[in-house]
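Visitor:
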Amino acid sequence: MVEIDDHSIIKKVLEGDTASFAEIVVRYQQIIFNLTYQMTGNEEDARDLTQEIFIRAYMNLDRIDPHYKFFSWLYRLGVNQTLDFIKRRKPLILTENLMAHDRYAENENGNLTEKKTYVRKAIQKLKPKYRLLIVMKYYSALSYDQMSLITGIPEKKVKSRLFEARQMLRTTLKSSMEIL
Amino acid sequence: MLRLYLEGNLTDTEKLQFEKELAVNTELSALLEDMNQVEHLLESSAASSTKADLLEPIMNSVWKLGKVYERKQRLQDDQIAAGTWQKTANRIFPTPHWNLAWGFIAGVIVGVAILSFFHPRQPSGGFSEMDATGTFAQKDATGFLILPVDLPAVKLNLAANPLPQSFIQLNLDVSSEENCLVQLSFNTSSFQVWSLRQVGNKPNCQILAGYNYVEIGNLGQNSYIILLKKLTTIEEELSVSIFRDGNLEYNSQVKI
């Protein structure tokens, strides 16, 4: 079965076939949710943000440049919305929410190992500019090329900043979590 | 060099040189091992991500928004019709001086209408100002006018009614021909959002609430009721912003 490309779906939505938008949601909800979840560290906020991102995307479908990759446009919209959300949110609340969620994760969800929980906590401790690159690389599986396009940062800088982020993670995991 | 090695971007000679260094430098080899472990932990942590499962709520909101593009088309048709009216107006008032005069007269009429509408009314009883925990500049027992906004593309009126037990009801009327975003934001130590709804529940709006903001995506003429709980007994700031196409078009702070 041949998969219809994003721009053909968008064209259908713009012509009045609202239901076709579901295909876009099915395709990208997980990757956008991974972005919002790992960036905010709170599942509830991430769900609200993901919904908001898709609704904003729907409201602005007619502004998409057909020469530009829809996914990059959507992901960039997601990044902007998420960073804006993080800016508005107080750091104290971030910590509280994360801790609350982790307690839940540790107690209720046996799939999450202690190490993975530590990794998520360490990611949350990174500054948003470093956290974003870690999320893009590992949770969204984006290429350096895509990361550069979405963030507007040259590819070389993306690579070096990502390396710095991994070094920071190493320090955090090694000193406070003692898992390395 | 370690980064380039991990990325596989070293030349054969550089790689050989680096591996020689690794063999003798225990610190470097420990660092390399740690970095590989971090990489592995990140990869395995990402593999067990939580499922999104958001198709239904997203599509419900999308359906609620309606066929926005059809509405946009209708608005464009209306604008074309408005253009016809402009041509007629230009025939009646052919010079720029006439247009200025016409604008001035219209402004005076609108101003007088707004002032007369919000002129303080007699108290209707049933509510004591003693119950109010916040005050606005223009006090009125039935509702305090705090903010009329009149932009070319967006008209907004925000009125607040203090209620017993530190609750404040905000009545927000928004009229916009294109999508706009109205944001009310505040300090989390000042207010809490208790409820929000659209009067008449028309499909062309989107209401979102966070712990320190309320966002309303509006199209057309709509009214919203927002119930806030005030957390202090002093006047607190509420910021009102209007965005169009992602750009801030208006911002003002009011004290409640």
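Going down the list, the sequences are from chains F and H.
Under the working numbering, the first residue of the first sequence carries the number 1, and numbering increases by one thereafter.
Under the working numbering, the first residue of the second sequence carries the number 1001, and numbering increases by one thereafter.
Just so it is clear, CB atoms sit at the ideal spot from N, CA and C, and this is done for glycine as well.
For clarity, every value in this text was computed on a predicted model and none was experimentally measured.
Kindly list, in the order they appear in chain F, the residues whose Cβ is closer than 7 Å to that of residue 1206 (chain H).
Guide: Here the question's residue 1206 (chain H) lines up with position 206 in the second sequence. The answer, in chain order, is 55.
Visitor: What are the partner residues of residue 1195 (chain H), as DSSP defines its beta bridges?
Guide: Residue 1195 (chain H) sits at position 195 when you count from the first residue of the second sequence. H:1227.
Visitor: What in chain F is Cβ-close to residue 1035 (chain H), meaning under 9 Å?
Guide: Here residue 1035 (chain H) is taken as the residue at index 35 of the second sequence, counted from 1. Within chain F, the residues near residue 1035 (chain H) are 163, 166, 167 and 170.
Visitor: Which residues in chain F have a C-beta closer than 8 Å to the C-beta of residue 1054 (chain H)? List them in chain order.
Guide: As a working mapping, residue 1054 (chain H) is identified with position 54 in the second sequence. Here the neighbours are 25, 29, 33, 47, 50, 51 and 54.
Visitor: Give a yes or no on whether 8 Å exceeds the smallest Cβ distance from residue 1200 (chain H) to chain F.
Guide: The residue labelled residue 1200 (chain H) in the question sits at position 200 within the second sequence. No, residue 1200 (chain H) lies away from the interface with chain F (no Cβ there is under 8 Å from its Cβ).
Visitor: According to DSSP, is residue 142 (chain F) helix, strand or coil?
Guide: Position 142 of the first sequence, counted from the start, is the residue given in the question as residue 142 (chain F). Look at residue 142 (chain F) here: in three-state DSSP terms it is coil, with no helix or strand label.
Visitor: Report the neighbours of residue 119 (chain F) on chain H: residues whose CB is nearer than 7 Å to its CB, in chain order.
Guide: As a working mapping, residue 119 (chain F) is identified with position 119 in the first sequence. Result: 1041, 1042 and 1045.
Visitor: Check whether the region 156-171 of chain F touches the region 44-63 of chain F, counting contact only when three or more Cβ pairs, one atom from each stretch, lie closer than 8 Å.
Guide: no
Visitor: For residue 1196 (chain H), decide whether its Cβ has a neighbour in chain F, counting only Cβ atoms nearer than 8 Å.
Guide: Counting from one through the second sequence, the residue named residue 1196 (chain H) turns up at place 196. Among the residues facing chain F, residue 1196 (chain H) is not included, as its CB has no counterpart in that chain under 8 Å away.
Visitor: Using a Cβ cut-off of 8 Å (strictly closer), state whether residue 95 (chain F) contacts chain H.
Guide: Residue mapping note: residue 95 (chain F) aligns to position 95 of the first sequence, counting from 1. Because the pLDDT of residue 95 (chain F) is 45, which lies under 50, any placement of that residue in the model is unreliable, and the question is left without a value.
Visitor: Is it a yes or a no for the region 136-153 of chain F touching the region 167-176 of chain F, going by three-plus beta-carbon pairs under 8 Å?
Guide: no
Visitor: Quick check on residue 1152 (chain H): does DSSP put it in helix, strand or coil?
Guide: Numbered from 1 along the second sequence, position 152 holds the residue referred to as residue 1152 (chain H). Three-state DSSP puts residue 1152 (chain H) in coil, outside helix and strand.
Visitor: Determine, using beta carbons only, whether residue 21 (chain F) comes closer than 8 Å to chain H.
Guide: By 1-based counting over the first sequence, the position of residue 21 (chain F) is 21. With 8 Å as the cut-off, residue 21 (chain F) counts as an interface residue toward chain H.
Visitor: Return the CA-CA distance between residue 1041 (chain H) and residue 1010 (chain H), expressed in angstroms with no decimal places.
Guide: Taking the first residue of the second sequence as position 1, residue 1041 (chain H) is located at position 41. Taking the first residue of the second sequence as position 1, residue 1010 (chain H) is located at position 10. Roughly 24 Å between the two C-alpha positions.
Visitor: Using DSSP with H/G/I as helix, E/B as strand and the rest coil, what is residue 1241 (chain H)?
Guide: Position 241 of the second sequence, counted from the first residue, corresponds to residue 1241 (chain H). Strand, per DSSP.
Visitor: When the cut-off is 8 Å and only beta carbons count, does residue 1003 (chain H) lie next to chain F?
Guide: Residue 1003 (chain H) sits at position 3 when you count from the first residue of the second sequence. Yes, contact with chain F.
Visitor: Below 8 Å on C-beta distance, what does residue 130 (chain F) contact in chain H?
Guide: Locating residue 130 (chain F) in the first sequence gives position 130, where the first residue counts as 1. Correct list: empty, because the minimum Cβ distance to chain H is about 13 Å.
Visitor: Give me the DSSP bridge partner(s) of residue 1162 (chain H).
Guide: Taking the second sequence and counting its residues from 1, one reaches residue 1162 (chain H) at position 162. DSSP lists H:1168 as partners of residue 1162 (chain H).
Visitor: Among residues of its own chain, excluding the 5 on either side of residue 1197 (chain H), which ones have a beta-carbon nearer than 6 Å to its beta-carbon?
Guide: Taking the first residue of the second sequence as position 1, residue 1197 (chain H) is located at position 197. Around residue 1197 (chain H): 1225.
Visitor: With H, G and I counted as helix, E and B as strand and the rest as coil, what does DSSP make of residue 994 (chain H)?
Guide: Given that chain H is displayed from residue 1001 to residue 1256, the structure contains no residue 994 (chain H) and the question cannot be resolved.
Visitor: Classify residue 1215 (chain H) as helix, strand or coil using the three-state DSSP reduction.
Guide: In the second sequence, counting from the first residue as 1, residue 1215 (chain H) sits at position 215. Looking at residue 1215 (chain H) - three-state DSSP - the assignment turns out to be strand.
Visitor: In the DSSP assignment, the beta strand (DSSP E) including residue 135 (chain F) goes from what residue to what residue?
Guide: Residue mapping note: residue 135 (chain F) aligns to position 135 of the first sequence, counting from 1. Note, residue 135 (chain F): premise wrong, no beta strand (DSSP E); not H, not E.
Visitor: Classify residue 1025 (chain H) as helix, strand or coil using the three-state DSSP reduction.
Guide: By one-based count along the second sequence, residue 1025 (chain H) stands at place 25. Coil, per DSSP.
Visitor: Can you tell me the Cβ-Cβ gap for residue 1061 (chain H) and residue 1206 (chain H), rounded? I've got them flagged as a contact below 8 Å.
Guide: Position 61 of the second sequence, counting from 1, holds the residue named residue 1061 (chain H). Position 206 of the second sequence, counting from 1, holds the residue named residue 1206 (chain H). Contact holds; Cβ gap of about 7 Å.
Visitor: Confirm, please, whether the CB-CB distance from residue 1217 (chain H) to residue 1170 (chain H) is below 8 Å.
Guide: Translated into the one-based positions of the second sequence, residue 1170 (chain H) becomes position 170. Translated into the one-based positions of the second sequence, residue 1217 (chain H) becomes position 217. The answer is no: Cβ separation not under 8 Å.
Visitor: Can you tell me whether residue 131 (chain F) is buried or exposed? The criterion is at least 16 other CB atoms within 10 Å of its CB, across all chains shown.
Guide: Taking the first residue of the first sequence as 1, we reach residue 131 (chain F) at position 131. When all chains shown are included, residue 131 (chain F) counts as buried.
Visitor: How about residue 114 (chain F): is its C-beta nearer than 8 Å to some C-beta of chain H?
Guide: On the first sequence, residue 114 (chain F) is found 114 positions in, with the first residue counted as 1. No - not a single Cβ of chain H is within 8 Å of the one on residue 114 (chain F).
Visitor: For residue 68 (chain F), which of helix, strand or coil comes out of DSSP?
Guide: Counted from its first residue, the first sequence places residue 68 (chain F) at position 68. Assignment of residue 68 (chain F) by DSSP, reduced to helix, strand and coil, places it in the coil class.
Visitor: Quick one: Cα of residue 1223 (chain H) to Cα of residue 1178 (chain H), how far?
Guide: Position 223 of the second sequence holds residue 1223 (chain H). Position 178 of the second sequence holds residue 1178 (chain H). C-alpha separation (whole angstroms): 16 Å.
Visitor: Can you give me the start and stop residues for the alpha helix (DSSP H) that residue 162 (chain F) sits inside?
Guide: Against the first sequence, residue 162 (chain F) aligns to sequence position 162. 155-172 is the span of the alpha helix (DSSP H), which, as asked, contains residue 162 (chain F).
Visitor: Bridge partners for residue 1174 (chain H) per DSSP, in chain order?
Guide: Here residue 1174 (chain H) is taken as the residue at index 174 of the second sequence, counted from 1. Looking at the DSSP assignment, residue 1174 (chain H) forms a beta bridge with H:1156 and H:1222.
Visitor: Since residue 1179 (chain H) meets chain F, which of its residues come closer than 8 Å, beta carbon to beta carbon?
Guide: Translated into positions along the second sequence, residue 1179 (chain H) becomes position 179. By Cβ distance, chain F contributes 59.
Visitor: Tell me the DSSP secondary structure of residue 1137 (chain H) in three-state form.
Guide: To locate residue 1137 (chain H), count along the second sequence from 1; it is residue 137. Because residue 1137 (chain H) sits at a pLDDT of 40, beneath the cut-off of 50, its placement in the model cannot be relied upon, and the following sentence gives the value as read from the coordinates. Looking at residue 1137 (chain H) - three-state DSSP - the assignment turns out to be coil, as it is neither helix nor strand.
Visitor: Comparing alpha-carbon positions, which option in F:31, F:17 and F:67 lies nearest residue 78 (chain F)?
Guide: Your numbering for residue 78 (chain F) matches position 78 in the first sequence. Of F:31, F:17 and F:67, the residue nearest in Cα terms is F:31.
Visitor: Locate the alpha helix (DSSP H) running through residue 55 (chain F), then write down its first and last residues.
Guide: Here residue 55 (chain F) refers to the residue found at position 55 of the first sequence. Counting along the chain, the alpha helix (DSSP H) containing residue 55 (chain F) begins and ends at 43-59.
Visitor: Tell me whether the beta-carbon of residue 24 (chain F) lies closer than 8 Å to the beta-carbon of residue 9 (chain F).
Guide: Along the first sequence, one-based indexing puts residue 24 (chain F) at 24. Along the first sequence, one-based indexing puts residue 9 (chain F) at 9. In this structure, residue 9 (chain F) lies closer than 8 Å to residue 24 (chain F) by Cβ.
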